[in-house]
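Numbering (the working numbering), first residue to last: 3 to 254. C-beta atoms are modelled at their ideal positions from N, C-alpha and C, and glycine is treated no differently. What follows is a short report on a single structure.
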């Protein structure tokens, strides 16, 4: 069964409320391919490796969290950008990308999906009264030692996390997928025992140590594999089309 590309894009835009979310890149259809869609291939980033795998899988649409045309980047279509776009255009494949709308969504969003993967109980946004808060706040079903929590994250995500061990067992936790280490101070102000995100900066370690909380950097790629899968599954069910998630491992 096939669905019109325009119908698929309209539903994804509507479901993620993409038009209402300010971002650093365009959300939605970034490269237009063939007008009918039978198969979606999803992945975290529209890298050359993912595009090549999508061609091999006979995809009509590549659905990603990290697409193209970021604010401030060189607009010239040369080098790596030329090769990526040429792959899509030569094979008549569409690129559909959602950044912040996919982080924020209450059902298929990266942060909600990561909570389900790790078994966190979601209480709400870190910023009270802000439904667009990108960081979530919640708790563990039972307190865990920081080292045990790090092992749980490793076993769940298949990647060894960086651990800055806090002074007490972890019950209250805040988290945000990707490169959200800059929110650690807001997490500290909220009184959590731990903050988990994808990346770490030099100053993040000092903030965690000097405030006595646990910090875990679990990997940008590793924490953001689940939202795009959930969105792809939603669209596949909605329109009775095929969806295949392809993971292109990235140590970052």
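Could you check the C-alpha separation between residue i and residue j for me, to the nearest Å?
i           : j           : result
residue 63  : residue 239 : 15 Å
residue 87  : residue 50  : 9 Å
residue 193 : residue 5   : 48 Å
residue 147 : residue 171 : 5 Å
residue 130 : residue 80  : 44 Å
residue 167 : residue 223 : 22 Å
residue 191 : residue 111 : 24 Å
residue 83  : residue 126 : 38 Å
residue 76  : residue 203 : 25 Å
residue 145 : residue 199 : 19 Å
Go through its chain and collect everything with a Cβ distance to residue i's Cβ below 6 Å, but skip five positions before and after it.
i           : result
residue 122 : 140
residue 149 : none
residue 169 : 214
residue 18  : 100, 103, 107
residue 23  : 102, 103
residue 151 : 172
residue 189 : 176, 197
residue 70  : 32
Looking at residue i: is its Cβ nearer than 8 Å to the Cβ of residue j?
i           : j           : result
residue 212 : residue 183 : no
residue 113 : residue 179 : yes
residue 68  : residue 89  : no
residue 43  : residue 230 : no
residue 128 : residue 55  : no
residue 142 : residue 173 : yes
residue 13  : residue 233 : no
residue 250 : residue 52  : yes
residue 259 : residue 116 : What is shown of the chain runs 3 to 254, which leaves residue 259 out entirely.
residue 98  : residue 158 : no
residue 220 : residue 153 : no
residue 138 : residue 124 : yes
Within a Cβ cutoff of 7 Å, which residues of the same chain sit near residue i, ignoring the five residues on either side of it in sequence?
i           : result
residue 34  : 96
residue 186 : 197, 206, 209, 210, 217
residue 15  : 21, 30
residue 252 : 223
Does the Cβ of residue i have 16 or more other Cβ atoms within 10 Å, making it buried, or fewer, making it exposed?
i           : result
residue 103 : buried
residue 208 : exposed
residue 21  : exposed
residue 163 : buried
residue 10  : buried
residue 91  : exposed
residue 254 : exposed
residue 226 : buried
residue 94  : exposed
residue 45  : buried
Might you give, ordered along the chain, the residues of its own chain that have their beta carbon closer than 8 Å to the beta carbon of residue i, omitting 5 neighbours on each side?
i          : result
residue 8  : 37
residue 59 : 41, 43, 246, 248
residue 3  : 40, 241, 242, 243
Any C-beta of chain B sitting closer than 8 Å to the C-beta of residue i?
i           : result
residue 216 : Absent from the structure: chain B. Only one protein chain is present.
Subject >> alpha helix (DSSP H) runs wholly inside the stretch 153 to 232, at least 4 long, in chain order >> reply: 186 to 191, 204 to 213, 222 to 225
Original post:
Which runs of the beta strand (DSSP E), 3 residues or longer, sit entirely within the stretch 93 to 140?
Top reply: 96 to 99, 123 to 127
Original post:
Which runs of the beta strand (DSSP E) spanning at least 3 residues fall entirely within the stretch 26 to 73, listed in chain order?
Top reply: 30 to 33, 41 to 47, 63 to 68
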